[in-house]
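Working notes for the structure below.
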Amino acid sequence: MRNDLAFIHRFEPGDRPEAPPLLLLHGTGGDENDLLPLGRSVSPGSALLSPRGKVLEHGMPRFFRRLAEGVFDEADVRRRAEELADFVQAARERYGIATPVALGFSNGANIAAAMLLLRPEALAGAILLRTMVPLAQTTPVNLRNKPVLIVSGELDPIIPASNSAQLAASLAKAGANVQHPVLPAGHQLTRADLTIAKDWMQTIPLRQGEGAA
Ligand code: MLT
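Residue 303 in the numbering used here is what sits at position 204 of the sequence shown, and the numbering runs on without skipping anything.
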């Protein structure tokens with residue numbers, strides 16, 4: 100077995116076996132503790148798996164290298180998305196949990212988007228808060244019926260509206276069941292993000308007896 104639990108992470112077991120586990124992916128400068136409260140609110144009773152990004156930018160953890168704000172080192176995006184997908188698989192075996200739904204913010208949402216495009220089997224779906232296109236080109240992928248929620252801010256100074264719309268369109272074209280509300284907000288999360296994510300989680304089909312947490 101590969102030693103794929105090599106991400107610093109937190110794991111909280113769930114107490115509602117039918118609730119999908121969440122893979123929590125923090126933004127730049129965050130860590131494995133950041134999104135635990137959000138995860139607990141968005142899906143009470145879900146198991147929570149929360150790794151810390153391994154790339155350091157001026158000491159701030161991230162999930163992949165960037166060359167400038169919004170300009171990504173795509174070779175690194177690919178490598179890190181594969182590494183994270185391997186970690187998820189190993190963590191599923193270690194903790195006995197089903198395929199998780201990603202809940203990512205900003206840089207964490209972008210690595211989740213890359214995983215959907217490169218390793219779709221690693222995720223049962225995704226909530227992508229303030230996300231953008233992670234890779235200029237990918238080979239066609241089958242995301243048939245995978246539920247994806249993208250929540251954007253129309254005043255986001257980092258992510259142009261056209262960019263998140265392009266990601267939503269390409270995931271939908273691959274078959275994902277995409278919802279893409281745009282809030283009157285900037286890059287930071289608002290209470291509306293929480294409400295929308297929580298409501299959306301209620302619409303995710305219940306797990307069917309797969310590796311209960
Ligand atoms: C990224 O680098 O993933 C995006 O620019 C978002 C960010 O982390 O600021």
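Cβ coordinates follow ideal geometry from the N, Cα and C atoms, glycine included.
Since this is a predicted model, take the numbers as computed values, not measurements.
- In this structure the stretch 248 to 257 touches the stretch 223 to 235; the number of beta carbon pairs closer than 8 Å is three or more.
- Residues Ile210, Ala213, Met214, Leu217 and Arg218 of the same chain have their beta carbon placed closer than 7 Å to that of Ala180, with the five preceding and five following residues left out of the count.
- In the structure shown, Asn241 adopts coil according to DSSP, grouped into three states.
- Looking at the backbone, the Cα of Ala105 and that of Leu166 are separated by about 25 Å.
- For Pro120, there is no enclosing beta strand (DSSP E), as DSSP marks it with neither H nor E.
- Rounded to whole angstroms, the separation of the alpha carbons of Ala264 and Glu111 is 33 Å.
- Relative to the ligand MLT, the beta carbon of Asn241 is positioned no closer than 7 Å to any heavy atom.
- Residue environment analysis places Arg161 among the buried positions, since at least 16 neighbouring C-beta atoms fall within 10 angstroms of its C-beta.
- Counting C-beta pairs closer than 8 Å gives three or more between the stretch 231 to 250 and the stretch 274 to 291, which meets the contact rule.
- DSSP places Arg193 within a helical segment (H, G or I) once states are collapsed to three.
- Here Glu192 is exposed: its Cβ has fewer than 16 other Cβ atoms, across all protein chains shown, within 10 Å.
- In the three-state DSSP reduction, Glu168 falls in the coil class, being neither helix nor strand.
- For Leu270, the uninterrupted alpha helix (DSSP H) run begins and ends at Ala260 to Lys272, by DSSP.
- Membership of Arg218 in any alpha helix (DSSP H) is not indicated, and neither H nor E is assigned to it by DSSP.
- If you ignore the 5 residues before and after His157, its C-beta comes within less than 6 Å of no other C-beta in its own chain.
- Contact between Gly285 and Leu266 does not hold, since their C-beta atoms are separated by about 18 Å, which reaches or exceeds 8 Å.
- For the ligand MLT, no non-hydrogen atom lies closer than 7 Å to the CB of Glu173.
- For the pair Glu220 and Pro256, the Cα-to-Cα distance works out to about 32 Å.
- Residue environment: Val170 is assigned as exposed (fewer than 16 neighbouring CB atoms within 10 Å of its CB, all protein chains considered).
- The C-alpha of Ile258 lies about 36 Å from the C-alpha of Gly195.
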